[in-house]
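For reference, the structure is listed below as structure tokens.
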Amino acid sequence: MMKVVILAGGFGTRISEESGTIPKPLVEIGTMPILWHIMKIYAAHGLTEFVVCCGYKGHMIKEYFLNFFDRNNDFTVDLRNNDVTVHRNGSEDWKVTLVDTGLETMTGGRIRRVREHIGDGTFCLTYGDGVSDVDITDLIAFHRGQGTLATVTAVQQPGRFGALDLSQDRTRVNGFREKSLNDGHLINGGFFVLEPEVVDLIKDDDTIWEQAPLHDLTARNQLAVYHHKGYWQNMDTLRDKHVLQGLWDKGQAPWKVWDRPAATRIAAVR
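So this is what it looks like as structure tokens:
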């Protein structure tokens, strides 16, 4: 089974209103942590084995999964006979490996520290604070068709501020509108597909994945780009959290791909 590595060890300083008490991956959208939302996206495509790179307040992430079964099921506890009867099984069919990758370790170093848990096959990598309706199955197929060591998903940067509608000669304001995806620049949206050899490009704990390793792959023509034109949003600030929460509350969350008809989702190649 292809593994999914999730970087979940950062300090989350730009959303300190939430991350001061809990790690950012546990900040809730609806009643579930954003980390759960990310895992549900992958699980919708048949990827259910996860390696979570913990760091800041990582013990809370570990405790969350240790208590996951109890949190999401109804049961009766027979104290006299020490017996538990489960009435509603709301658990997930996932295998989750939680690894303490250090408090100060950089993103590349975290990947290096979980090398033994990745195995020798192709694996996925993403950040613990971004959701999308990216077609993971198509992304993996694209990567394999490119024959490269790595593929990164490129997305349009979401606009943080409203945009101006200008007159044709650009001298007058005709109105205001929400900034569209087409107004932004292409950025690294995470959702990587990688070959295990990329770990050899990571020197030590101080290596930032987005710097030397990706630059090395680029120089070797080994970094393919998958263009995703659909929805993508990270949760970098409290404002981002409110945007995601608003969509979820309205039942309009584009990343909720796991509720789509099964016919629209093809299990990822194992």
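Quick note on the numbering used here: the sequence shown kicks off at 26 and runs consecutively.
Here a beta-carbon is modelled for each residue, glycine too, at the ideal position from N, C-alpha and C.
Which residues DSSP lists as bridging residue i, in chain order
i    : result
M131 : Bridge partners of M131: none, in fact.
L219 : F148, A175
M57  : I54
K254 : BP columns for K254 are empty, so no partner.
F156 : Strictly speaking, residue 156 in this sequence is Val, with Phe absent from that position. DSSP output for V156 lists Q258 as bridge partner(s).
V121 : F75
V180 : I212
L248 : A175
Residue i: first and last residue of the uninterrupted alpha helix (DSSP H) it sits in
i    : result
A166 : 161-171
P88  : Per the sequence shown, residue 88 should be read as Glu rather than Pro. 83-91 is the span of the alpha helix (DSSP H), which, as asked, contains E88.
H112 : Where H112 is concerned, there is no enclosing alpha helix (DSSP H), although the beta strand (DSSP E) it sits in stretches over 108-114.
H240 : 237-244
E141 : 140-143
Residue closest to residue i, alpha-carbon to alpha-carbon, out of the options
i    : options                : result
G55  : G127, Q171, K266, T262 : K266
H240 : Y251, L150, L226, T101 : L226
V156 : T262, Y256, M27, V29   : Y256
M260 : T73, Y152, M85         : Y152
G172 : R264, D158, I161, T147 : T147
I86  : T101, M57, D99, I66    : M57
I40  : R264, G271, P279       : R264
V250 : Y81, G170, K28         : G170
A68  : E53, C79, K28          : K28
W280 : N213, Q236, I161, Q247 : I161
Q182 : E141, H252, D95, D231  : H252
V121 : D103, F94, D145        : F94
N246 : V177, T101, N97, G144  : V177
C78  : Q193, E53, D125        : D125
P286 : H70, T101, M64         : H70
G214 : D231, D103, N92, L164  : L164
V76  : H142, A166, Q270       : H142
C-beta contact flag for residue i and residue j at 8 Å
i    : j    : result
L123 : F90  : yes
L150 : E220 : no
L211 : A244 : no
I297 : L60  : Look at the range of the chain in this structure, 26 to 295, and you will see that residue 297 is not part of it.
H168 : V218 : yes
V159 : F216 : yes
E88  : M26  : no
V268 : Q258 : yes
Delimiting residues of the beta strand (DSSP E) encompassing residue i
i    : result
A69  : First-last for A69: undefined, no H or E at that position.
L263 : Note, L263: premise wrong, no beta strand (DSSP E); alpha helix (DSSP H) at 263-274.
T101 : 98-103
L32  : 28-33
Report task. Flag this pair as touching only if the segment 106-115 and the segment 48-56 have three or more C-beta atom pairs under 8 Å; answer yes or no. Result -> no
Query - the segment 30-38 contacting the segment 128-144, beta-carbon criterion three pairs below 8 Å - result: yes
Query raised in the report: How about the segment 134-144 and the segment 111-121: do they share at least three Cβ pairs that are nearer than 8 Å?
Result: no
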